[in-house]
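One structure is given below, encoded as structure tokens.
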Amino acid sequence: MSAPADLPFDLDSLPPAVREAFAAMQARVAGLEAQTERQDYLIAELRHALYGKRSEHLPPDARQLAFEDLETAVAEAEAVRDALVERNADGKPRRPTVHSYSMMHRTQRTAW
Numbered sequence: 001m002s003a004p005a006d007l008p009f010d011l012d013s014l015p016p017a018v019r020e021a022f023a024a025m026q027a028r029v030a031g032l033e034a035q036t037e038r039q040d041y042l043i044a045e046l047r048h049a050l051y052g053k054r055s056e057h058l059p060p061d062a063r064q065l066a067f068e069d070l071e072t073a074v075a076e077a078e079a080v081r082d083a084l085v086e087r088n089a090d091g092k093p094r095r096p097t098v099h100s101y102s103m104m105h106r107t108q109r110t111a112w
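Numbering-wise (full-length UniProt numbering), the sequence shown opens with residue 1 and increments by one.
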């Protein structure tokens with residue numbers, strides 16, 4: 001039996017609502033991947049500022065300027081993250097829906 005990933009998949013055969021949801025999820029994934037790349041870059045910059053070859057030779061003003069630039073970039077990344085996080089009506093982040101209700105009521109069957 002072939003795996004589901006091996007079967008051909010035609011998006012045009014799906015209902016429009018499902019296609020729109022799929023496109024929205026693809027856009028969300030692309031946004032999250034871009035955010036991850038940006039954060040990886042910021043982490044590398046911070047490590048370089050802290051532990052780079054010339055980090056000990058920087059005057060305090062130059063070091064402070066580098067950290068202020070990083071703080072600004074981190075604030076921008078957090079703003080993007082907050083824009084991507086889905087929120088409830090009360091403003092709290094939405095928890096993912098767990099579809100395990102049927103699993104909670106399953107009973108364990110044993111062979112006699």
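Backbone N, C-alpha and C define an ideal beta-carbon position, used for all residues, glycine too.
Alpha-carbon to alpha-carbon, residue j and residue i
i	j	result
Arg-28	Ala-79	15 Å
Leu-70	Gln-35	15 Å
Gly-52	Glu-33	27 Å
Pro-59	Arg-47	17 Å
Reference residue i; option with closest CA among the options
i	options	result
Thr-72	Pro-59, Pro-60, Leu-58 and Arg-38	Arg-38
Ala-77	Ala-24, Leu-14, Gly-31 and Met-25	Gly-31
Glu-68	Arg-81, Ala-49 and Asp-82	Ala-49
DSSP state of residue i mapped onto helix, strand, coil
i	result
Phe-22	helix
Phe-9	coil
Cβ pair residue i, residue j closer than 9 Å
i	j	result
Val-74	Leu-42	yes
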